[in-house]
Amino acid sequence: ITIILIIIHVFYRISFHTALNTSLVILLNHIEGCIFWPLFLLIPVIAWTRLILKKHTLFQVILGAIVPFTVYFIITLLFLT
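Residue numbers (our numbering): 765 to 845.
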């Protein structure tokens with residue numbers, strides 16, 4: 765996921781904080797099961813703080829949350845089915 769984020773970052777700024785936290789929550793839920801599902805509630809909080817601090821635009825934060833989900837589903841479809 766990091767390599768994909770770096771490639772995107774070359775062309776367009778993306779929220780690494782949102783992407784990293786989204787990736788960690790997805791990974792924890794994939795490995796440990798649904799016991800960590802409440803951590804998904806932290807993703808909007810982190811995204812909101814990036815907006816409040818004016819570090820990113822809304823689109824950059826949304827992209828930071830969507831890219832890890834997209835990569836996870838593509839990898840799951842290609843390699844785990």
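Built from N, CA and C at the ideal position, the CB exists for glycine as well. None of these values were measured; they are calculated from a predicted model.
With 16 as the cutoff for other CB atoms within 10 Å, does residue i come out buried or exposed?
i      : result
Pro832 : buried
His820 : buried
Gly797 : exposed
From which residue to which residue does the alpha helix (DSSP H) around residue i run?
i      : result
Arg814 : Leu806 to Ile816
Thr766 : Thr766 to Phe775
Cα-Cα, which of the options is closest to residue i?
i      : options                           : result
Asn785 : Thr840, Leu844 and Ile830         : Ile830
Leu822 : Arg777, Ile772, Leu803 and Leu792 : Arg777
Classify residue i as helix, strand or coil using the three-state DSSP reduction.
i      : result
Ser779 : coil
Leu842 : helix
Gly828 : helix
His794 : helix
In chain order, what residues of the same chain lie with their CB nearer than 8 Å to the CB of residue i, ignoring the 5 residues before and after it?
i      : result
Leu806 : Asn785 and Val789
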